[in-house]
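Line order of the protein sequences matches chains Z, W, F and C. For what it's worth, our numbering labels the leading residue of the first sequence as 1, then goes sequentially. For what it's worth, our numbering labels the leading residue of the second sequence as 143, then goes sequentially. For what it's worth, our numbering labels the leading residue of the third sequence as 285, then goes sequentially. For what it's worth, our numbering labels the leading residue of the fourth sequence as 427, then goes sequentially. In this text, a Cβ means the ideal position worked out from N, Cα and C, and glycines have one as well. Since we're looking at a predicted model, the values are computed, not measured. See structure below.
Protein chains: 4
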Amino acid sequence: MKMRSLRREDFEFIIEMEPRWRDMDGLRHINHATYLSFLETVRIRYMEQLGIDVNEWEGENSSILAGMKIDYHQQSTYPNQYDIGARVVRIGHKSFDILNALFEENNPIPVVTGVFTVIGFNYALQETVPVSDIIKKECRPL
Amino acid sequence: MKMRSLRREDFEFIIEMEPRWRDMDGLRHINHATYLSFLETVRIRYMEQLGIDVNEWEGENSSILAGMKIDYHQQSTYPNQYDIGARVVRIGHKSFDILNALFEENNPIPVVTGVFTVIGFNYALQETVPVSDIIKKECRPL
Amino acid sequence: MKMRSLRREDFEFIIEMEPRWRDMDGLRHINHATYLSFLETVRIRYMEQLGIDVNEWEGENSSILAGMKIDYHQQSTYPNQYDIGARVVRIGHKSFDILNALFEENNPIPVVTGVFTVIGFNYALQETVPVSDIIKKECRPL
Amino acid sequence: MKMRSLRREDFEFIIEMEPRWRDMDGLRHINHATYLSFLETVRIRYMEQLGIDVNEWEGENSSILAGMKIDYHQQSTYPNQYDIGARVVRIGHKSFDILNALFEENNPIPVVTGVFTVIGFNYALQETVPVSDIIKKECRPL
Chain Z
1 MKMRSLRRED
11 FEFIIEMEPR
21 WRDMDGLRHI
31 NHATYLSFLE
41 TVRIRYMEQL
51 GIDVNEWEGE
61 NSSILAGMKI
71 DYHQQSTYPN
81 QYDIGARVVR
91 IGHKSFDILN
101 ALFEENNPIP
111 VVTGVFTVIG
121 FNYALQETVP
131 VSDIIKKECR
141 PL
Chain W
143 MKMRSLRRED
153 FEFIIEMEPR
163 WRDMDGLRHI
173 NHATYLSFLE
183 TVRIRYMEQL
193 GIDVNEWEGE
203 NSSILAGMKI
213 DYHQQSTYPN
223 QYDIGARVVR
233 IGHKSFDILN
243 ALFEENNPIP
253 VVTGVFTVIG
263 FNYALQETVP
273 VSDIIKKECR
283 PL
Chain F
285 MKMRSLRRED
295 FEFIIEMEPR
305 WRDMDGLRHI
315 NHATYLSFLE
325 TVRIRYMEQL
335 GIDVNEWEGE
345 NSSILAGMKI
355 DYHQQSTYPN
365 QYDIGARVVR
375 IGHKSFDILN
385 ALFEENNPIP
395 VVTGVFTVIG
405 FNYALQETVP
415 VSDIIKKECR
425 PL
Chain C
427 MKMRSLRRED
437 FEFIIEMEPR
447 WRDMDGLRHI
457 NHATYLSFLE
467 TVRIRYMEQL
477 GIDVNEWEGE
487 NSSILAGMKI
497 DYHQQSTYPN
507 QYDIGARVVR
517 IGHKSFDILN
527 ALFEENNPIP
537 VVTGVFTVIG
547 FNYALQETVP
557 VSDIIKKECR
567 PL
């Protein structure tokens with residue numbers, strides 16, 4: 001599936017967020033790295049909604065980001081209003097992928113899409129752990 | 143007036159904003175500098191509401207931050223919901239002060255308060271300019 | 285080539301940078317998005333060294349980020365000292381790829397690697413433009 | 427003493443730091459809040475040099491920022507090279523003030539100066555504690 005073709009309807013979990021003026025960089029568009037802090041918050045809220053406690057992030061049954069593939073489809077700027085979707089799209093034994101897409105108002109084409117590969121991780125032991133059943137059940141491939 | 147005594151009722155202009163997970167630092171509270179990006183956005187929206195175009199910020203009739211006095215009254219953390227007030231509290235010939243206060247939900251005591259001294263500034267000429275009448279009319283001292 | 289196998293020797297252009305305390309997030313490691321601001325600065329300095337003026341970024345012969353693939357191989361924390369390499373590794377007609385790798389002291393394995401796909405872009409016309417010859421000559425595929 | 431009159435010679439502890447491209451905001455100068463992350467890192471390194479372990483920051487004998495007074499004397503931009511000084515200038519029973527000044531190359535006038543009021547703090551008990559003797563000895567008022 002082409003990432004640019006993703007639409008709001010492809011997501012059941014969507015959060016609204018607004019940029020701050022400081023999210024713009026010297027080119028007066030939202031900085032490429034700043035979008036990732038939006039997406040990070042949305043993934044955390046998505047995990048919380050599934051019953052995974054983010055305050056236990058440093059614990060035994062946590063996760064760590066292994067990689068990401070990001071596509072920038074359009075520029076966006078401040079002020080704005082974003083809808084940001086999250087969806088588990090792949091499950092492996094010890095890793096899974098979350099898809100994120102960020103949309104601005106009155107525009108069906110995403111500004112940014114990303115696939116984040118997350119590994120089950122025990123921070124205390126600094127060891128990988130299997131993906132939890134909660135996340136397995138949530139998976140809905142593209 | 144003691145800054146800690148400021149309440150939501152002291153502000154006519156209030157904006158709601160939410161922190162992102164990344165706004166926390168290594169101590170797991172919202173970083174002291176990050177609050178300033180919230181307050182900056184609120185001051186910009188306040189100025190816009192008064193009819194001052196932030197997209198003309200690099201123009202002749204703009205302003206520049208000369209200084210600020212910030213008080214931290216409490217810690218706050220993610221997740222949260224902030225009410226942030228802004229109010230012009232002093233007018234000089236070429237400068238004015240904006241007061242900001244940031245409150246978290248269910249708590250009358252501000253998390254952070256700040257007084258920002260702003261100078262009328264012509265970015266093209268890099269020269270100070272008098273404070274606009276719009277801002278003079280808005281002033282409501284503490 | 286496996287990104288984890290990249291070494292300092294794979295780069296002719298390397299810049300030293302240090303993290304700030306604030307670059308850590310609530311997990312007390314450098315935040316995944318913050319690395320991208322290091323890499324961005326290194327790419328800009330790399331382009332400047334090739335004779336491309338970053339102050340002309342909003343001009344006719346500029347570029348825009350289309351996407352990136354990032355791999356996180358290890359965690360790192362503050363304080364630290366990074367060596368960050370940049371290298372053009374692919375040229376297309378209107379786009380090219382820059383490889384970045386970030387290493388910490390006394391460790392041959394990269395902390396983060398990334399491939400950034402950049403499109404020649406005219407900001408004035410908001411149109412794509414061909415990749416400059418300077419960048420074509422610089423290309424050294426993996 | 428006028429903050430604008432501060433010079434490098436007023437500081438025994440000085441750290442060099444460089445801005446990143448992302449430290450600029452939409453006005454293409456270093457953002458007012460970003461300077462505070464530079465100063466924060468310098469204060470931490472200053473405390474470490476005095477033998478205070480920043481990794482014990484969440485412990486019994488730590489400190490918390492109560493307020494700050496910042497003056498912006500000039501604009502600065504990327505690229506740059508900063509010298510940033512730190513000096514304890516006031517000791518109270520449970521609080522002390524650290525002065526910071528940030529200078530850019532070839533310019534004796536500071537870009538930013540700040541006085542940070544820090545309170546001795548036990549994070550475990552969430553209680554104030556007396557200022558340590560190490561800091562008392564370091565004090566050199568303006």
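Next on the checklist: Quick check on DSSP: helix, strand or coil for T259 of chain W?
Outcome noted: It is a strand residue.
Checklist entry - Rounded to a whole number of angstroms, what is the C-alpha to C-alpha distance between A175 of chain W and F437 of chain C? => result Whole-angstrom Cα-Cα distance: 23 angstroms.
Next on the checklist: DSSP has M443 of chain C in a bridge; who is on the other side?
Outcome noted: The partner list for M443 of chain C (beta bridge, DSSP) reads C:Y508.
Next on the checklist: I'd like to know whether the C-beta atoms of Y319 of chain F and F297 of chain F end up nearer to each other than 8 angstroms.
Outcome noted: Contact check for Y319 of chain F against F297 of chain F fails: the beta carbons are separated by 8 angstroms or more.
Item to check | Residues near L383 of chain F by beta carbon distance below 6 angstroms, same chain, minus five either side | outcome: The residues are R371, V373, V399.
Checklist entry - Using Cβ-Cβ distances below 8 angstroms, what residues of the region 459-470 of chain C are close to chain Z? => result Cβ contacts with chain Z: A459.
Checklist entry - Mind checking E160 of chain Z: buried by the 16 CB within 10 Å criterion, or exposed? => result Not covered by the structure: residue 160 of chain Z. The range shown for chain Z is 1 to 142.
Checklist entry - W305 of chain F to L465 of chain C, Cα distance in whole Å? => result Answer to the nearest angstrom: the Cα atoms are 10 angstroms apart.
Next on the checklist: Cutting at 7 angstroms between CB atoms, please list the residues of its own chain near L432 of chain C, excluding the five before and the five after it.
Outcome noted: Within the same chain, Cβ atoms closer than 7 angstroms to the Cβ of L432 of chain C are found at A527, P536, T539, the five residues on either side in sequence being excluded.
Checklist entry - Expressed to the nearest angstrom, what Euclidean distance is found between the alpha-carbon atoms of H235 of chain W and Q268 of chain W? => result C-alpha separation (whole angstroms): 17 angstroms.
Checklist entry - Quick one: does R164 of chain W have its CB under 8 angstroms from some CB of chain Z? => result For R164 of chain W, the nearest CB of chain Z lies under 8 angstroms from its own CB, placing it at the interface with that chain.
Next on the checklist: Between R430 of chain C and the ligand FAD, is there a pair consisting of the residue's CB and a ligand heavy atom that are separated by less than 7 angstroms?
Outcome noted: Among the components of this structure there are no ligands whatsoever, and the ligand FAD is therefore not found.
Next on the checklist: Is it buried or exposed, N173 of chain W, if we count other Cβ atoms within 10 angstroms and call 16 or more buried?
Outcome noted: Under this definition N173 of chain W is a buried residue.
Checklist entry - Taking the continuous beta strand (DSSP E) assigned at L241 of chain W, which residues delimit it? => result Here the beta strand (DSSP E) through L241 of chain W covers 237-246.
Checklist entry - Given I496 of chain C, which residues of its chain have a CB within under 6 angstroms of its CB, disregarding the five upstream and five downstream residues? => result Residues G540 of the same chain have their beta carbon placed closer than 6 angstroms to that of I496 of chain C, with the five preceding and five following residues left out of the count.
Checklist entry - Three-state secondary structure (DSSP) at V372 of chain F? => result Collapsing the DSSP output to three states places V372 of chain F in a strand.
Checklist entry - Quick one: does N222 of chain W have its CB under 8 angstroms from some CB of chain B? => result This model lacks chain B altogether; the protein chains it does include are Z, W, F and C.
Checklist entry - With burial defined as no fewer than 16 other Cβ atoms inside 10 Å of the residue's Cβ, what is the status of L284 of chain W: buried or exposed? => result Exposed is the call here.
Item to check | Alpha carbon of E300 of chain F to alpha carbon of D367 of chain F, nearest angstrom | outcome: Computed Cα separation, rounded: 5 angstroms.
Item to check | Closer than 8 angstroms to chain F by CB, L65 of chain Z | outcome: At least one chain F Cβ lies under 8 angstroms of L65 of chain Z.
Next on the checklist: Cutting at 8 angstroms between CB atoms, please list the residues of its own chain near N18 of chain Z, excluding the five before and the five after it.
Outcome noted: The identity of residue 18 of chain Z in the sequence shown is Glu, whereas the question assumes Asn. The beta carbon of E18 of chain Z is closer than 8 angstroms to those of P79, N80, Q81, Y82 in its chain, skipping five residues each way along the sequence.
Checklist entry - Does the Cβ of R424 of chain F have 16 or more other Cβ atoms within 10 Å, making it buried, or fewer, making it exposed? => result So R424 of chain F ends up on the exposed side.
Item to check | Minimum C-alpha distance to V544 of chain C - residue among C:E530, C:G511, C:M494 | outcome: Ranking C:E530, C:G511, C:M494 by Cα distance to V544 of chain C puts C:M494 first.
Item to check | Between the CA atoms of H171 of chain W and T128 of chain Z - distance to the nearest angstrom | outcome: Computed Cα separation, rounded: 28 angstroms.
Checklist entry - How about F468 of chain C and S521 of chain C: do their beta carbons lie closer than 8 angstroms? => result The question names Phe, but residue 468 of chain C is Val in the sequence shown. No, the pair does not count as a contact, with Cβ atoms beyond the cut-off.
Checklist entry - Do E474 of chain C and S502 of chain C have their C-beta atoms within less than 8 angstroms of each other? => result Cβ atoms of E474 of chain C and S502 of chain C: not closer than 8 angstroms.
Next on the checklist: Excluding the 5 residues flanking D133 of chain Z on each side, which residues of the same chain have their C-beta closer than 6 angstroms to its C-beta?
Outcome noted: Excluding residues within five positions, none has a Cβ falling inside 6 angstroms.
Item to check | Start and end residues, alpha helix (DSSP H) containing K420 of chain F | outcome: Start and end: 417-422.
Checklist entry - How big is the Cα-Cα spacing for Q500 of chain C and R4 of chain Z? => result In this model, Q500 of chain C and R4 of chain Z are separated by some 44 angstroms (Cα to Cα).
Next on the checklist: My assumption, with CB atoms under 8 angstroms, is that G310 of chain F sits in contact with M166 of chain W. Please give the rounded CB distance.
Outcome noted: That pair is a contact at about 4 angstroms.
Next on the checklist: Between D451 of chain C and chain Z, is the shortest Cβ-Cβ distance under 8 angstroms, so that the two count as touching?
Outcome noted: With 8 angstroms as the cut-off, D451 of chain C counts as an interface residue toward chain Z.
Checklist entry - Taking only beta-carbon atoms, is N100 of chain Z less than 8 angstroms away from chain C? => result Closer than 8 angstroms: no.
Checklist entry - Considering only residues of the region 314-348 of chain F, which uninterrupted alpha helix (DSSP H) runs meet the minimum length of 4 residues and lie entirely inside it, listed in chain order? => result Here the runs fully enclosed are 318-333.
Item to check | Exposure label - D479 of chain C; buried when at least 16 CB within 10 Å | outcome: D479 of chain C should be labelled exposed.
Checklist entry - Name the DSSP beta bridge partners of V254 of chain W, please? => result W:Y214, W:L244.
Item to check | Proximity test, Cβ basis, 8 angstroms: M301 of chain F and chain Z | outcome: Answer no: the Cβ-Cβ gap between M301 of chain F and chain Z never drops below 8 angstroms.
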